[in-house]
Amino acid sequence: MLAATGLVCAAVALRNPSAVAVLEQDPSGSARRPAPTAAPSGSSGRADAPSPEPASALDPTEPDAPAKAEPARAQASELEKAQAEGIAALGALAQRYPEDPPVLRALALAQGREKAYAAAVATTKRLFEIAPEETGNDEVKQLLLRIANGPPEVALTALDLMAKQMGSRGPDLLYEVVTAPRFGDWIRDNASKQLLDPGVRQMASPALLIADDLRRLTGCPTKALLARAREEGDVRALHYIKSLLTPQRCGVLRMRNCLKCGAVAKDLRATASVIEKRKKAAATPPAGSAAP
Numbered sequence: 001m002l003a004a005t006g007l008v009c010a011a012v013a014l015r016n017p018s019a020v021a022v023l024e025q026d027p028s029g030s031a032r033r034p035a036p037t038a039a040p041s042g043s044s045g046r047a048d049a050p051s052p053e054p055a056s057a058l059d060p061t062e063p064d065a066p067a068k069a070e071p072a073r074a075q076a077s078e079l080e081k082a083q084a085e086g087i088a089a090l091g092a093l094a095q096r097y098p099e100d101p102p103v104l105r106a107l108a109l110a111q112g113r114e115k116a117y118a119a120a121v122a123t124t125k126r127l128f129e130i131a132p133e134e135t136g137n138d139e140v141k142q143l144l145l146r147i148a149n150g151p152p153e154v155a156l157t158a159l160d161l162m163a164k165q166m167g168s169r170g171p172d173l174l175y176e177v178v179t180a181p182r183f184g185d186w187i188r189d190n191a192s193k194q195l196l197d198p199g200v201r202q203m204a205s206p207a208l209l210i211a212d213d214l215r216r217l218t219g220c221p222t223k224a225l226l227a228r229a230r231e232e233g234d235v236r237a238l239h240y241i242k243s244l245l246t247p248q249r250c251g252v253l254r255m256r257n258c259l260k261c262g263a264v265a266k267d268l269r270a271t272a273s274v275i276e277k278r279k280k281a282a283a284t285p286p287a288g289s290a291a292p
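The opening position of the sequence shown corresponds to residue 1 in full-length UniProt numbering, with each subsequent residue numbered one higher.
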């Protein structure tokens, strides 16, 4: 027993002090390795790897799409020269500048003067497609009214253009065809039918709609219709209101004056008064707008 104890002590004395220190730190006898750093929650396990950037819908490094180039425009001198030379020169200019509103307008008006109505309608249609604001041009509107009073085959194309290509100005022109005495019954009937089309009525202004509804009356207006007229009517509605306030000869011997719609006469007068005031206010320039 004493001999065995002596051998153990001798072995301990001969051990490397560094190894002893390591063994004392790790009872398992193996060197302790540094504990790995825990990966952040939600990461792939590599603590130092940066999160990938989300893919951008538009790569900022990509160049912007080139802006659409402005359509070519004719010089004023070119247009004046073509107008002086006539339709052929204007047609050639329109081929060179197919998206120039003044060129197309000048061509359409020239075609109308030469009574080339089918060509004028086609040119006007193209004009409205590239420049919708041209629907308000007085010369162009008068051109279409003149075509509507022309041969039947082109007159209908003019009405169709009014109904489909001119926004709220189209129904106004159709109404003018219906009510102006210079137009014949046939084209007036066709324009009146166009005004009943749901698509046309959807584009029409409230003032035009109430005027057309009053125009179609065969009896007396209801109070609801007159309320609409007070709210939305203009001089076109006023024309029909005043006609209903005009006394007519009545009685067996037609010796008395009567109002056709006496039951709503008070409402008719109130409606006419409101529209008259609105008309006057619209015609009066705002205060301070007059030149000194």
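The beta-carbon is built from N, C-alpha and C at its ideal position, and this holds for glycine as well. Quantities reported herein were computed from a predicted structural model and do not represent experimental measurements.
With respect to the alpha helix (DSSP H) encompassing Asn257, which residues constitute its N-terminal and C-terminal limits?
Counting along the chain, Asn257 falls outside any alpha helix (DSSP H), though it belongs to the beta strand (DSSP E) covering Arg256 to Cys258.
For Val235, I'd like the list of residues in its chain whose CB is within less than 7 Å of its CB, leaving aside the five on either flank, ordered along the chain.
If we look at Val235 and ignore the five residues flanking it on each side, its Cβ neighbours are Lys279.
N- and C-terminal bounds of the beta strand (DSSP E) containing Gln75:
Run containing Gln75: none; DSSP gives neither H nor E here.
Beta-carbon separation (whole angstroms), Leu143 vs Ala108, contact threshold 8 Å
Contact between Leu143 and Ala108 holds: their C-beta atoms lie close to 6 Å from each other, under 8 Å.
Figure out for me which residue from Ala224, His239 and Gly219 has the closest Cα to the Cα of Ala208.
The identity of residue 208 in the sequence shown is Leu, whereas the question assumes Ala. Among Ala224, His239 and Gly219, the Cα nearest to that of Leu208 is on His239.
Does the beta-carbon of Ala281 have 16 or more other beta-carbons within 10 angstroms, so that it is buried, or is it exposed?
With fewer than 16 Cβ atoms within 10 Å of its Cβ, Ala281 is classed as exposed.
For the candidate residues Pro151, Pro98, Ala237 and Thr222, whose alpha-carbon lies nearest to that of Arg215?
The shortest CA-to-CA distance from Arg215 to any of Pro151, Pro98, Ala237 and Thr222 is the one to Ala237.
Hey, is Gln202's beta-carbon within less than 8 Å of any beta-carbon in chain D?
Protein chains in the displayed structure number just one, and chain D is not present.
What first and last residue would you give for the beta strand (DSSP E) that runs through Arg249?
Where Arg249 is concerned, the enclosing beta strand (DSSP E) stretches over Gln248 to Cys250.
Counting along the chain, where does the alpha helix (DSSP H) carrying Glu99 start and finish?
Per DSSP, Glu99 belongs to no alpha helix (DSSP H) and is neither H nor E.
Met255 versus Arg249 - alpha carbon distance:
Approximately 6 Å, taken between the alpha carbons.
Helix, strand or coil for Lys280 per DSSP?
In this structure, DSSP gives Lys280 a helical state, which the three-state scheme calls helix.
Are Leu173 and Lys141 closer than 8 Å when you measure CB to CB?
Yes.
Quick check on this structure: which residue in Val103, Glu139, Pro132 and Ile187 has the alpha carbon closest to the alpha carbon of Pro152?
For Pro152, the nearest C-alpha among the options comes from Ile187.
Assigned secondary structure, Glu114 (DSSP; H/G/I helix, E/B strand, else coil)
In this structure, Glu114 counts as coil in the three-state DSSP scheme.
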